[in-house]
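**Q** Chains A and B supply the protein sequences, listed in that same order.
Per the numbering used here, the first sequence runs over residues 4 to 78.
Per the numbering used here, the second sequence runs over residues 15 to 710.
Quick reminder that beta carbons are idealized off the backbone N, C-alpha and C, glycines included.
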Amino acid sequence: MIPLDQLEKGKLATIESIDNNQLPLKLIEMGCLPGTNISLVHKAPFNDPLYLKIDESHLAIRRETAKHIFVRLIK
Amino acid sequence: MSKSLNIALLGNPNTGKTSLFNQLTGLNQKVGNYPGITVEKKEGIFRLNRTTKAYLTDLPGTYSLNATSMDESVVIELLLNKSSKDFPDVIIVVADVENLKRNLFLYTQVKDLGIPTVLAINMSDQMKRKGISIDIPLLESKLKTRIALVSTRENKGLDLLKELLINYRQLSILPTFKIDDIDQNYFDDLKKAFPNQQLYKLWLVITQDVNFAKIERNKITDSADFSTLSETHLKKIQQKETVKRYQLINNILKETLFIDRESASDLRFVLDRILIHKFWGYVIFFVVLMTIFQSIFDWSSIPQDFIDNTFASLSELVKSKLPDGVFTSLLSDGIIPGLGGIVIFIPQIAFLFLFISILEETGYMSRVVFLMDRGLRRFGLNGKSVIPLISGTACAIPAVMATRNIENWKERLITILVTPFTTCSARLPVYAILIALVIPQGSFLGLSYQGLMLMFLYLIGFGMALISAWILSKTLKIKSKSYFIVEMPNYKLPLLKNIGITVWEKTKTFITEAGKIILAISIILWVLASNGPGENFSKAEQIIKTNNAELDQETLANKINSFKLEHSYIGILGKSIEPIISPLGYDWKIGIALISSFAAREVFVGTLATIYSVESNAEETIKNQMASEVKSDGKPLFNLASGISLMLFYAFAMQCMSTLAIVKKETNSWKWPLIQLLSMSLLAYTIALLTYQILA
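1) Could you tell me the boundaries of the beta strand (DSSP E) in which residue 57 of chain B lies?
2) Against chain B, does residue 13 of chain A count as a neighbour if the rule is that its beta carbon must be under 8 Å from one of theirs?
3) Kindly say whether residue 250 of chain B, judged by its beta-carbon, lies nearer than 8 Å to any beta-carbon of chain A.
4) Report the neighbours of residue 424 of chain B on chain A: residues whose CB is nearer than 8 Å to its CB, in chain order.
5) Could you spell out where the alpha helix (DSSP H) holding residue 297 of chain B opens and where it closes?
6) Please name the residue in B:543, B:159 and B:206 whose C-alpha comes closest to that of residue 189 of chain B.
7) So residue 253 of chain B contacts chain A; which residues on that side make the cut at Cβ distance below 8 Å?
8) What does a CB cutoff of less than 8 Å around residue 167 of chain B pick up in its chain, not counting 5 residues either side in sequence?
9) Any idea which residues DSSP pairs residue 14 of chain B with across the strands?
10) Whose Cβ in chain A lies nearer than 8 Å to the Cβ of residue 89 of chain B?
11) Starting from the beta carbon of residue 60 of chain A, find every residue of chain B whose beta carbon is closer than 8 Å, and list them in chain order.
12) Looking only at its own chain, which residues have a Cβ that is under 6 Å from the Cβ of residue 321 of chain B, when we skip the five neighbours before and after it?
13) With distance defined between alpha-carbon atoms, name the residue in B:61, B:108, B:106 and B:121 nearest to residue 32 of chain A.
14) Tell me the DSSP bridge mates of residue 136 of chain B?
15) With contact counted as at least three CB pairs below 8 Å, one residue from each stretch, are the stretch 140-153 of chain B and the stretch 194-205 of chain B in contact?
16) Thinking residue 574 of chain B and residue 606 of chain B are a contact (beta carbons under 8 Å), I'd like their distance in whole angstroms, please.
17) Might you give, ordered along the chain, the residues of its own chain that have their beta carbon closer than 6 Å to the beta carbon of residue 371 of chain B, omitting 5 neighbours on each side?
18) So who's on the other strand from residue 489 of chain B, going by DSSP bridges?
19) Can you find a C-beta in chain A that's less than 8 Å from the C-beta of residue 77 of chain B?
20) Using 8 Å for Cβ pairs, my map puts residue 479 of chain B next to residue 403 of chain B. What's the rounded Cβ distance?
21) Assuming residue 453 of chain B and residue 463 of chain B form a contact by the criterion Cβ under 8 Å, report the distance between their Cβ atoms to the nearest whole angstrom.
22) Can the beta-carbon of residue 325 of chain B be found less than 8 Å from the beta-carbon of residue 521 of chain B?
23) Taking only beta-carbon positions, decide if residue 68 of chain A is within less than 8 Å of chain B.
24) Under 7 Å Cβ-Cβ, which residues of chain A neighbour residue 257 of chain B?
25) Check each candidate in B:385, B:16 and B:379 and name the one with the smallest Cα separation from residue 180 of chain B.
26) Secondary structure at residue 647 of chain B, three-state DSSP: helix, strand or coil?
27) Listed in chain order, which residues of the stretch 375-408 of chain B have Cβ atoms closer than 7 Å to some Cβ of chain A?
28) For residue 60 of chain A and residue 113 of chain B, which I take to be in contact (beta-carbon distance under 8 Å), what is that distance rounded to the nearest angstrom?
29) Thinking C-beta only, is residue 660 of chain B closer than 8 Å to residue 604 of chain B?
30) Bridge partners of residue 6 of chain A, per DSSP?
31) Kindly identify the DSSP beta-bridge partner or partners of residue 54 of chain A.
32) Is there a C-beta anywhere in chain A that falls below 8 Å from the one on residue 230 of chain B?
33) Rounded to whole angstroms, what's the CA-CA distance from residue 266 of chain B to residue 57 of chain A? Just pull it up for me.
34) If we define contact as Cβ-Cβ less than 8 Å, is residue 73 of chain A a contact residue for chain B?
35) Which residues in chain B sit within 9 Å of residue 51 of chain A, going by Cβ to Cβ distance?
36) Spatial neighbours of residue 351 of chain B within its chain, please: C-beta separation below 7 Å, excluding the five flanking residues on both sides.
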């Protein structure tokens, strides 16, 4: 299990757990929940923000937020 | 008898909600307030059938009923307020067929309010290409409502939607979800304490109080049976609610939604690779910006000259056709030039909105936000501050409105405070005439000095915006959790109808709202300039005539006008501030222009025209008049030092009442506009003073 900001570009992973106290409710409501498929589509220059595909949603969030999402790679 | 129906339109951003609104209402719509990007309540009227009229409210796009921005709170306020005249009889929730799961999250919340709700699944034209199929009857029964598959792009499915709306009374108002399941104990207590309330609504009111403590609302306070929970505990329950709702939706979609993964499109992939490339992405954005500026200033100049000339000749016509008198003077010197001052901005504002709406509709704007966030964050701004900063080059009013989708209050406030530094179009006429006056002809590396000066003024505007943002971010003690979530929508060809309506609506509201203020000010200016105390004003004609008997008619008339002005109320005002502004290299006449500019900058040129008693408004003649102005020592008043000092003063000073008014409205306090006014004016004064003292 790794924090999302360490996920490599293009790899598919599943959200394993989220830090409930740190993650904004809005992100959870947009589908960022344990069990959901997630992949890193792009990184902005200096690796921040991160452009993600969470289920069918394409979202960009900052690195500091991504640290509170933990994912497991899908083989 | 004709009936009428209140309908509310709700949905996630980027679902084509506004397209549906435009398809249904056409131009029968009005925006309740100043123009913004996707803000404020929009209302429209259309016919459902021969006897039923529908009043449709387009609510701001939202992902959830738990509001986190001011825009979203509009939604929840309307839906919870049963006594509002806009309270809907029926709600349409618009969903994007490609992201049904997330869209249904909002739907289940809305449905649980107990208001009849129709689900409109949009972009059905994409289903075949994306390999999506839906079992509509089964989904309808699971969601306890009726569904209309629509395509706003191909104008399909709207008849079914209208039919469902007419028969809204047949829709179930049962909730999709049992809210008690989330936290049995908590909701049992809640029920006991407020037995007559609908539980989900109650829950929303409680949680909104937490998120929106600043907004006034009747708070639910502790009572004997029920104690309020801490914010963290409430947030936990909200998260549980979210998880449970998604479980419900997942289970429903498992049986009703089928996607053939093979047929995914790669347009997004290809375009993203270029448009957010770490080098080319910025180059492209720079080119896009240059194109926008170029067109705002170049393409608008032809219609603007035309408008300028038309109003000037209208003024002349009124003067020559109507009998002399107060009314004629008010009309020709006050109201007509005042109106002209508003209308002249139409081309620039329209072009700006045209470009911004194209950038938004295509999905490109989100990519810019993505590219710029990191850089802007260093200055305490947000990637989303890009839109206000670009809009600010046309006008700070829509720019300040466009900050509403910045979730972080501190970043939003800083954006609002620094936006007026960007070079708005009202500064342009001031710069144009001063540059022509004091910057020499000639060129450097093929670029003219005059052009370079203008570019420098634009850059210094942006630069000062960034510097002050940085200072504010270090000094403002506001605790707000910094987070940033931007949806990266699919790339789409913009719909012509959407863009046309946006440009029309926004330009119209800008003209009427800002226009009122500009018009009022030009009338006040006229009153102050055409009245004065004492004999010097009332007997100006006699005094000048006796002292200058040898002059010809025209020169005499000019002399009388400027003598009158000197002794009018506004002239006295100008004279009284002369001691303060003479270290900057200005005289009392420039003082008058400065005072009147505090209402709106563009008044500068017009005021100087009046002051120098030039008959025509043509730039050349004002310029010649200004060039021949001399100081008491015989040297020209407008020289390099005073000219640059004046330009820098205009670059930094907060000289726009309309902007102050909108800042007051957006920040909900007089504190911020006052701080803005004082600090910007002080900065402008200091820099202008230093410039003049060093250069002179």
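**A** The answer reads as follows:
1) 56-61
2) no
3) yes
4) The premise fails here: residue 424 of chain B is roughly 15 Å from chain A at the closest Cβ pair, so nothing lies under 8 Å.
5) 294-308
6) B:159
7) 23, 28 and 31
8) 30, 33, 137, 139 and 509
9) The structure shown does not extend to residue 14 of chain B, since chain B is modelled only from 15 through 710, so no value can be given for it.
10) The contacting residues do not exist; residue 89 of chain B stays about 14 Å from chain A at best.
11) 113, 116 and 501
12) 357 and 358
13) B:121
14) B:110
15) no
16) Wrong, their Cβ atoms sit about 17 Å apart, outside the cutoff.
17) 513 and 516
18) Partner(s): none; residue 489 of chain B has no beta bridge.
19) yes
20) 7 Å
21) 5 Å
22) no
23) yes
24) 36
25) B:16
26) coil
27) 384, 385, 387 and 388
28) 6 Å
29) yes
30) A:73
31) A:45 and A:63
32) Since pLDDT at residue 230 of chain B reaches only 39, below the 50 mark, its modelled position is unreliable, and the value read off the structure follows with that caveat. So, not an interface residue.
33) 19 Å
34) no
35) 387, 388 and 391
36) 325, 329, 536 and 620
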